[in-house]
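Residue numbers (my numbering): -14 to 142. Positions of the beta carbon are idealized from the N, C-alpha and C atoms, including for glycine.
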């Protein structure tokens, strides 16, 4: 039983690594996007986001452990009461499916948030580049006009 729980926690640890990387991307891009929108950086909001992510991860870990323990609980019920609620193979399959389902859902949710913030950051970057190009073009136009005016002044003298 403990071997199965340890194996599950090992899987959940790797899920945590992936979620941690997504959290870092999501947080960094979100902070940059919010600051570019004119919001002030808030440590309170930052730590609330980190706390939510940790609570989310701990929930995934505990739910994975519970789903891993179900086949063992079923075996104990069979041994004590001589009643089989569900076959052990069905519970083992459900346990595995639950762990991977939880992992897929968690990674999808965090990945979606990270991608949205990356796309928002890309829009800001593209917008800034376009604005800079427009400013450079206007400066070049102004320089050309100034040069033309200077040439006209030279010819008029």
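Quick one: which unbroken alpha helix (DSSP H) runs of 4-plus residues sit fully inside the segment 76 to 112? Chain order, please. none
Cβ-based burial, residue -9 [other Cβ within 10 Å; buried from 16]: By the neighbour-count rule (16 or more Cβ atoms within 10 Å), residue -9 is not buried but exposed.
What would DSSP say about residue 25, mapped onto helix, strand or coil? coil
Alpha-carbon spacing of residue 6 relative to residue -2, whole angstroms: 13 angstroms
According to DSSP, is residue 71 helix, strand or coil? Secondary structure at residue 71: coil, using DSSP grouped into helix, strand and coil.
Strictly under 8 angstroms for the Cβ-Cβ distance: is residue 30 near chain C by that measure? Absent from the structure is chain C; it holds one protein chain and no more.
Quick one: what's got a C-beta closer than 8 angstroms to residue -14's C-beta in the same chain, skipping five residues either side? Excluding sequence positions up to five before and after residue -14, its CB lies within less than 8 angstroms of the CB of 54 and 57, all in the same chain and listed in chain order.
Closest to residue 48 by C-alpha separation, out of 90, 99 and 31, would be which residue? Minimum Cα distance to residue 48 is reached at 90.
Where residue -2 sits in the DSSP three-state scheme: helix
If you draw a straight line from the alpha carbon of residue 101 to that of residue 10, how long is it in whole angstroms? 11 angstroms
In three-state DSSP terms, what is residue -14? coil
Work out the CA separation of residue 88 and residue 62 for me, nearest whole Å. 29 angstroms
Whose C-beta lies closer than 7 angstroms to the C-beta of residue 8 among residues of the same chain, with five residues either side of it excluded? Cβ within range, chain order: 38 and 95.
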